[in-house]
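In this note's numbering, the protein residues as written are 287 to 368.
No residue lacks a Cβ here, since even glycine has one placed at the ideal position from N, Cα and C.
Predicted model only: the values in this text are computed from it and were never measured.
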């Protein structure tokens, strides 16, 4: 699926391939979602996204681009296997 990330995706839950919530989209700019990780975000996912991590105002965020996304619904973003 070709997922197009837009500002309409802000606030959506981000789910891993097991449909477990791993974070929430806080912002979308230029088709990149900035995700605040939840406690369920595994170290494996964090390590794969580590190069796309930033800390702004003391808040950790990970960047998700369209290549990471399997499906976008009205309420959530489902990731591909990373």
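CB-CB length for residue i against residue j, believed under 8 angstroms
| i | j | result |
| --- | --- | --- |
| residue 329 | residue 320 | Between residue 320 and residue 329 the Cβ distance is about 20 angstroms, and since that is not below 8 angstroms, they are no contact. |
| residue 311 | residue 295 | 5 angstroms |
| residue 367 | residue 301 | At roughly 12 angstroms, the Cβ-Cβ gap does not stay under 8 angstroms, so residue 367 and residue 301 are not in contact. |
Reduced DSSP category for residue i - H, G, I as helix; E, B as strand; rest coil
| i | result |
| --- | --- |
| residue 352 | helix |
| residue 365 | strand |
| residue 334 | helix |
Status (buried if at least 16 other CB within 10 Å, exposed otherwise) for residue i
| i | result |
| --- | --- |
| residue 345 | exposed |
| residue 297 | exposed |
| residue 347 | buried |
| residue 355 | buried |
Beta-carbon proximity check, residue i vs residue j, cutoff 8 angstroms
| i | j | result |
| --- | --- | --- |
| residue 308 | residue 327 | yes |
| residue 360 | residue 299 | no |
| residue 291 | residue 318 | yes |
Pick from the options that is closest to residue i, judged by C-alpha positions
| i | options | result |
| --- | --- | --- |
| residue 352 | 315, 333, 325, 322 | 315 |
Cutoff 8 angstroms: residue i Cβ touching any chain B Cβ
| i | result |
| --- | --- |
| residue 309 | The structure shown has no chain B; it contains just one protein chain. |
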